[in-house]
Amino acid sequence: MKDFENVVLKISGLHKSFGSKHILVDFNLELLRGENIVVIGKSGSGKSVLIKCVVGLLKPDKGTIRVFGTDMQSLNQDEMDRLRVRIGFLFQNSALYDSMTVRENLLFPMRRHWMDISRDEEEQLVDEALENVGLSHTKEMMPAELSGGMRKRVAIARTLIMKPELVLYDEPTTGLDPITGREIVQLMLDLQKKYHISSIMISHDMTVAKLTANKIIVLYDGTNYATGTYEELKNSTDKNVQQFFEFAT
Ligand SMILES: Nc1ncnc2c1ncn2[C@@H]1O[C@H](COP(=O)(O)OP(=O)(O)O)[C@@H](O)[C@H]1O
Ligand SMILES: [Mg+2]
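Numbering-wise (this note's numbering), the sequence shown opens with residue 46 and increments by one.
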């Protein structure tokens, strides 16, 4: 018997098309508490579309998305806003606001959401978030003064500042050199543990998947084509799965 209380996210029969382009065709996923699922797929296969459906930025054509046991479609705007506070996102190429200091960039998500906390508490959250990513000294700096890796760390701090229970990372290491990418991945793993975060990570990097995934889902032909651990999928004889391991160790 599965413990349904432990299902953080359940996507069932998700369909999404743009005109005659069928991007997601019966996609299914179940994320348990504390798990990290990595979704891999080729460029243009619909990975970001999937994330945007979960966040509510795109409306599914068909299927259900249940977050913390609630069907997203049943929510009104107010309820949706409250639910979103419990979900963190790191969008692909998620940029910081160039004209704001690091501190202001971190305050931004709190000001946008309805939050019943004082200014002092906000500042404390900013300090804690920066400490978590080892960047306390950058608080009053501008994004342009930071390296790519540091900017990504600030973006992670911003994603996690509201202590979300579910985090969606869209290609978190894209645009970073491999060593910095590893550091970012390690940082995410450390923070996942510290805050008991469950997550979905989009990637096309098998090394990232190997390091972080409890379970990997291959998105192919718009569906959850194959699911397994890194080792299981690596040993698959299916050519559509094998292609992702061509350069992997
Ligand atoms: N808002 C949109 N309108 C029309 N087509 C879109 C939209 N968003 C994504 N697409 C198309 O859906 C496909 C999948 O996109 P995406 O999910 O961004 O791919 P990826 O797997 O690289 O993240 C692409 O062909 C893209 O052009
Ligand atoms: Mg994408």
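Where a beta carbon is used, it is the ideal one built from N, C-alpha and C, also for glycine.
A quick note: this is a predicted structure, and the numbers were derived from the prediction, not measured.
- VAL70 sits away from LEU211, with the two beta carbons spaced by 7 angstroms or more.
- Separation of the CB atoms of ILE110 and LEU76 is rounded to 11 angstroms, and the pair is thereby denied contact status at 8 angstroms.
- Pairing VAL171 with ARG148, the inter-Cα distance amounts to about 7 angstroms.
- Collapsing the DSSP output to three states places ASN150 in a helix.
- When C-beta atoms of the segment 208-228 are compared with those of the segment 130-147, three or more pairs fall below 8 angstroms, so the two segments count as touching.
- Take the alpha-carbon of SER163 and the one of GLN288: they are about 51 angstroms apart.
- DSSP, reduced to helix, strand and coil, places ILE245 within a strand of the structure shown.
- The residue among TYR240, LYS238, MET233 with its C-alpha nearest the C-alpha of MET246 is MET233.
- One residue list follows from the rule of a beta carbon closer than 6 angstroms to any heavy atom of ligand 1, given in chain order as PHE63, ILE68, GLY86, SER88, GLY89, SER90, GLY91, LYS92, SER93, VAL94.
- For GLU190, no alpha helix (DSSP H) encloses it, and the DSSP letter there is neither H nor E.
- When the five nearest sequence neighbours on each side are left out, the beta carbons in the same chain lying within less than 6 angstroms of the beta carbon of MET186 are those of VAL147, in order along the chain.
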